[in-house]
Amino acid sequence: MRSVMVQIPNTPTSADVARLAGVSRATVSYVLNDTDAVRISEPTRRRVHAAARELGYVPHAAARTLRAGHSRMVLMPAPAVPVGPRYHRLLDELQATLGRLDYTVVQHGAVGQGDEAARAWAELRPVAVLAPGSGLGPHGVAVLKRAGARAVVTLGPARVEGAHALLMDHTVVGHRAAAHLYDRGRRRIGVILPEEPGLEFFSHPRLTGVRRALHGTDATVTGLPLAYTERAASELVARLPELGLDAVFAHNDEYAMLLMRALQDAGLRVPADIAVVGADDLMLGRLLRPRLSTVRLELPSGRELAELVDHAVRRPGAEPEVRTVLDATLIHRASS
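Everything in the sequence shown is counted per the numbering used here, starting at 6 for the first residue and increasing by one.
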């Protein structure tokens, strides 16, 4: 039987890149690992990157992690709560910018909560962790740092010892909605409390914000639990006469649209009989008739957050930063 020799191309190595670029293997390592400790001229950096692209050389992530004690991975646990389109756009821009900064962004699924989750994240040896929501404690932050994470950044209502904090306090959203309704002469205000699991992370602070805005006034506040179904909205609207409300802050634009359809089906006029305010400023709210008043969330850009993560990674011993990153603006339209 005749045998046929098949030549399998060798996987390019850093030595191949060094030969093609005319530099040492150490220089290739410094350039491709973006090492700050050694000064490499810009022409040399360009030559190394060009040689790596020509050969199709890709650094071995596991080996690089062993040498450095961490990877170039930024781990983002999947949010444990439902999030809206504006938050999704923020995350998309954040991931894109981190990618341009030579980080690999990995979104990690749910693996428990708090410190239990931190141990699972630590096994991946990320260089940074950006943890949305709450639940991560000081012990979990310490576990991540011992595993080589140079930066732990939390995104939530309160700071965590040892971590950089991006504070998002949703009481401001409810405060803006309630102040607007009060200024419009509304005194009996209902607040939708979605029954969808996880949304209490947003709805409870927003209710608190409404109560703070109206504290000491002649207005009353009524919590209105509501499932996201047409039937539940119709049943709630049927109870409105006995509740005597003249305005509703509907948690967000989606629940506001659900409520407005039920109000109109019942023959109630918005805003003549009852005013409605949402939150998130979705495009669909502008297409309704009447157009929906809403609270627009003011969030930083994903680029700003990515630069903060990169800055924290480069200065692992620096004092943790605390920034308030959520503000809100009332957009007055016809529904209120």
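Every residue gets a Cβ at the ideal spot worked out from N, C-alpha and C, and that includes glycine.
Query, Result
"Environment of Met265 [buried if 16+ CB atoms lie within 10 Å]", "buried"
"Best match in Gln269, Val242, Ile194 and Val275 for proximity to Val253 [C-alpha to C-alpha]", "Ile194"
"As assigned by DSSP and simplified to three states, the class of Val63", "coil"
"Which listed residue (Ala133, Leu212 and Asp332) has its alpha carbon closest to that of Ala152", "Ala133"
"Other residues of its chain near Gln100: CB distance less than 7 Å, five sequence neighbours each side excluded", "Val110"
"CB contact check: Leu160 to chain B, cutoff 9 Å", "This model lacks chain B altogether, as it is built from one protein chain only."
"Tyr92 versus Ala23 - alpha carbon distance", "43 Å"
"Between the CA atoms of Thr334 and Arg50 - distance to the nearest angstrom", "46 Å"
"Endpoints, alpha helix (DSSP H) assigned at Gly214", "Glu205 to Leu219"
"Limits of the alpha helix (DSSP H) - the one that Asp332 falls within", "Note, Asp332: premise wrong, no alpha helix (DSSP H); beta strand (DSSP E) at Asp332 to Ile336."
"Where His93 falls: helix, strand or coil (DSSP)", "helix"
"Residue(s) in a DSSP beta bridge with Ser298", "Val282"
"Backbone CA spacing between Pro202 and Ala55 [nearest angstrom]", "51 Å"
"Helix, strand or coil at Val158 [DSSP, three-state]", "strand"
"Candidates Ser298, His180 and Asp286: closest to Pro276 by CA position", "Ser298"
"Within 9 Å, strictly: CB atoms of Arg124 and Gly140", "no"
"Local Cβ density within 10 Å of Thr32, reported as buried at 16 or more and exposed below that", "buried"
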